[in-house]
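In my numbering, the protein residues as written are 7 to 206.
Some notes on the structure that comes next.
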Amino acid sequence: MKKKKKKNLSMDFSRKVLFGFGIVMAVVLANLLIADWTKTKLFDDVPENHWSYSTVKNLVDAGIVTVPADKKFYGERDITRADMAQWTANLLLKLSPDSTADAKRITDEAVADGDKAIDRYEIAVMVADVYKKLHKGDLPAATNAFKDVPDDHFASESVNLLTAENLMEGYSNGTFRGERNMPRYEAAALIGKVYGRLSS
7 MKKKKKKNLS MDFSRKVLFG FGIVMAVVLA NLLIADWTKT KLFDDVPENH
57 WSYSTVKNLV DAGIVTVPAD KKFYGERDIT RADMAQWTAN LLLKLSPDST
107 ADAKRITDEA VADGDKAIDR YEIAVMVADV YKKLHKGDLP AATNAFKDVP
157 DDHFASESVN LLTAENLMEG YSNGTFRGER NMPRYEAAAL IGKVYGRLSS
């Protein structure tokens, strides 16, 4: 009788061990699936070996850039006015959650022609406005760095500030070429630099 009781106790212990092991394995598998989902939730057209992958990933993780249903980033396309405004507004809200009014102003101003590409001049003005608002400490005395951006140009102050802070750059011939549009990869790099600078 005692042997039978010991045998039953042994079987109960074995079942408990197996049950516990099963729970542990289930948790491990769940974590692996979550990790895999997290890893693959980025854009299908931005491979891990792409030069902008880490920047894009950081912006997605921060909630500054969102992943659409088709999971495409279209990094070589010129960024639109609406998307640039949304990224900039999201950047502002990420670093200053109380700045809802300013963020709304940024996106509201981009409603007109929101689906059209935005040029480098307008991007500089939009980003510099947020940078000045969030920057702590004195800003550098910016001087005119480009021969094609006269002092009286509407974007002169913004362009010179961002280039002085090494956030934007011009071309080797000393021009800024502000009328050119900006590919989404480059726009992400700019927002990523600003985010990194202001959040450090």
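The C-beta atom is built at its ideal place from N, Cα and C for all residues, glycine as well.
| query | result |
| --- | --- |
| According to the neighbour-count rule (16 or more other Cβ atoms, all chains shown, within 10 Å of its Cβ), is L65 buried or exposed? | buried |
| Would the C-beta of K199 count as close to the ligand ADP, meaning under 7 Å from any of its heavy atoms? | For the structure depicted, the ligand ADP is absent and the ligand set is empty, with no information on it obtainable. |
| By Cβ distance below 8 Å, which residues in the same chain neighbour D125 in space, the five residues on each side in sequence not counted? | G184, E185, R186, N187, M188 |
| In chain order, what residues of the same chain lie with their CB nearer than 6 Å to the CB of Y127, ignoring the 5 residues before and after it? | A161, G184 |
| Who are the Cβ neighbours of Y59 in its own chain at under 6 Å, not counting the five residues just before and after it? | V52 |
| Out of curiosity, what's the CA-to-CA distance linking D157 and S164? | 11 Å |
| On the three-state DSSP scale, how would you describe T44? | Per-residue confidence for T44 stands at a pLDDT of 44, beneath the threshold of 50, marking its modelled position as unreliable; the derived number appears in the next sentence. In the structure shown, T44 sits in a helix (DSSP, three-state: H, G or I). |
| Helix, strand or coil for A116, going by three-state DSSP, please let me know. | coil |
| Please report how far the alpha carbon of R87 lies from the alpha carbon of G81, in whole angstroms. | 15 Å |
| If you draw a straight line from the C-alpha of F79 to the C-alpha of A148, how long is it? | 34 Å |
| Looking only at C-alpha atoms, which of E115, A151, S206, A75 sits nearest to I129? | E115 |
| Exposed or buried, V117, counting other C-beta atoms within 10 Å across all chains shown (16 or more means buried)? | exposed |
| What residue from G202, F49, K110 has the CA that sits closest to D76's CA? | F49 |
| Can you round the beta-carbon distance between A68 and K110 to whole angstroms, since I take them to be within the 8 Å contact cut? | No, A68 and K110 are not in contact; Cβ-Cβ is about 20 Å, not under 8 Å. |
| Nearest CA to the CA of L211: which residue from N179, Y191, G143, K199? | Past the boundaries of the shown model lies residue 211; the chain is included only from 7 to 206, so the question cannot be answered. |
| How about L98 and S105: do their beta carbons lie closer than 8 Å? | yes |
| Taking 8 Å as the threshold (C-beta atoms), are R190 and I112 in contact? | no |
| Excluding the five sequence neighbours on either side, which residues of its own chain have a C-beta within less than 6 Å of the C-beta of V131, listed in chain order? | A161, S164 |
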